[in-house]
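Working notes, structure below.
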Amino acid sequence: MKSAVITFPGSNCNQDAVMALKKVGFEVQEIWHNENSINNDIDLIIIPGGFSYGDYLRSGAMASISPIMQEVKRLAERGNKILGICNGFQILTESNLLEGCLIRNASGKFICKQTLLRVENTASAFTCGYQKQQIINIPIAHADGNFFASNDTIKNLEDNNLVAFRYVDNLGNISNQANPNGSMLNIAGIFNKQKNVLGLMPHPERAIDIYTGSDDGLAMFEQLLDGFN
Amino acid sequence: MTKIRINIALKKGVLDTQGKAIENVLNKNLGYPQLTNVRQGKFIDLELPETDAEQIKKIVEEICAKLLVNTVIETYTYQIIN
Chain A
1213 MKSAVITFPG
1223 SNCNQDAVMA
1233 LKKVGFEVQE
1243 IWHNENSINN
1253 DIDLIIIPGG
1263 FSYGDYLRSG
1273 AMASISPIMQ
1283 EVKRLAERGN
1293 KILGICNGFQ
1303 ILTESNLLEG
1313 CLIRNASGKF
1323 ICKQTLLRVE
1333 NTASAFTCGY
1343 QKQQIINIPI
1353 AHADGNFFAS
1363 NDTIKNLEDN
1373 NLVAFRYVDN
1383 LGNISNQANP
1393 NGSMLNIAGI
1403 FNKQKNVLGL
1413 MPHPERAIDI
1423 YTGSDDGLAM
1433 FEQLLDGFN
Chain B
189 MTKIRINIAL
199 KKGVLDTQGK
209 AIENVLNKNL
219 GYPQLTNVRQ
229 GKFIDLELPE
239 TDAEQIKKIV
249 EEICAKLLVN
259 TVIETYTYQI
269 IN
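Right, dumping it as structure tokens:
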């Protein structure tokens, strides 16, 4: 199974993504953002975390018009799988591949810590390795992770079960205390309508080894390799 | 050359952490407790070899839609500042 990781100027989690993909057995191609083609047989593309273009203007804004993003959009329409992690999520919303926007954390602070997520929808290639409502331990590291959207967008996400993950407490409950960044309805990750595009602020690629805190992210990559059934 | 200033503001209701921090300091540290609703925006200046107002409007609207402004959270106005 073939995958690709896009690197923008300022990306810094691209190697973490490569490592996670290789660990489960993906073939990985690394692609620089100025390139302008991706083969159709690349099954999964990761837009990694970091600070593309130094977060200038808005997080993810300038990367969203890098040449390679035309190809990412083409493949997203084709049904290939796209996973945006952290800055990658911001790039996907700025590209209009996902709805809403990630604004500054409500606390105004950069937050780096383990968070508990509840898996909201397991009917996707990304999440079918988890149980519905399963609580997983995945780290976050961001300043702009506060998910914001219009009321219409929120209604659309909820009505179509497009929320993938929410921040919860250790009992699995949604609460303000469990919400690290002020995200509307504790949203940590969302799908597009076809569920072949997922964006999330937490870093599953940093949760692939118990020795660094958690391996709850592995199931996502393993299932992406095995396929959605 | 026409000089243009594009003013970008966060929409009403979008949390402005910078505005809040500024307000807090103005209120508590600088002794202006009567100041409220502080909001921070940004402006982008640029020059364009164009004098036709319609053409300027078209270009400004295009670059704002494509890059400079995220209409989910922001609004903008622009002015010619020659």
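So the protein lines, in turn, are chains A and B. Under the working numbering, the first residue of the first sequence is numbered 1213, with each subsequent residue one higher. Under the working numbering, the first residue of the second sequence is numbered 189, with each subsequent residue one higher. The C-beta atom is built at its ideal place from N, Cα and C for all residues, glycine as well.
| Check | Outcome |
| --- | --- |
| Cutoff 8 Å; reference Ala1361 (chain A); Cβ partners in own chain excluding five residues on either side | Glu1311, Gly1312, Cys1313, Leu1369 and Met1396 |
| Complete beta strand (DSSP E) runs within the stretch 1326-1411 of chain A (minimum length 3 residues, chain order) | 1347-1354, 1358-1360, 1375-1379 and 1399-1403 |
| Limits of the beta strand (DSSP E) - the one that Arg193 (chain B) falls within | Thr190 to Leu198 |
| Those residues which DSSP pairs with Lys1272 (chain A) across a bridge | The residue you asked about is not Lys; residue 1272 (chain A) is Gly in the sequence shown. Looking at the DSSP assignment, Gly1272 (chain A) forms no beta bridge with any residue, so it has no partner. |
| CA-to-CA distance, Asn1224 (chain A) to Ile1294 (chain A), given in whole angstroms | 18 Å |
| Residue-chain proximity (Glu261 (chain B), chain A), Cβ-Cβ < 7 Å | The identity of residue 261 (chain B) in the sequence shown is Ile, whereas the question assumes Glu. Yes, because at least one Cβ of chain A sits closer than 7 Å to the Cβ of Ile261 (chain B). |
| Length of the line joining the Cα atoms of Pro1221 (chain A) and Val1240 (chain A) | 19 Å |
| C-beta atoms of Gln1406 (chain A) and Gly1341 (chain A) nearer than 7 Å | no |
| Chain B contact residues for Glu1370 (chain A), given Cβ-Cβ distances below 8 Å | Under the 8 Å cutoff, chain B gives no residues; its nearest Cβ is about 17 Å from Glu1370 (chain A). |
| Among A:Asp1356, A:Lys1325, A:Phe1403 and A:Gly1411, nearest to Ser1426 (chain A) - alpha-carbon criterion | A:Lys1325 |
| Interface positions of the stretch 238-269 of chain B facing chain A (Cβ-Cβ less than 8 Å), listed along the chain | Lys254, Leu255, Leu256, Asn258, Val260 and Ile261 |
| C-beta atoms of Phe1433 (chain A) and Ala1232 (chain A) nearer than 7 Å | yes |
| In chain order, each beta strand (DSSP E) run of at least 3 residues that lies wholly inside the stretch 1302-1326 of chain A | 1313-1315 |
| According to DSSP, residues forming a beta bridge with Ala1216 (chain A) | A:Gln1241 and A:Ile1257 |
| For Tyr266 (chain B), the residue or residues it bridges with in DSSP | B:Ile194 |
| Residue(s) in a DSSP beta bridge with Phe231 (chain B) | B:Asn195 |
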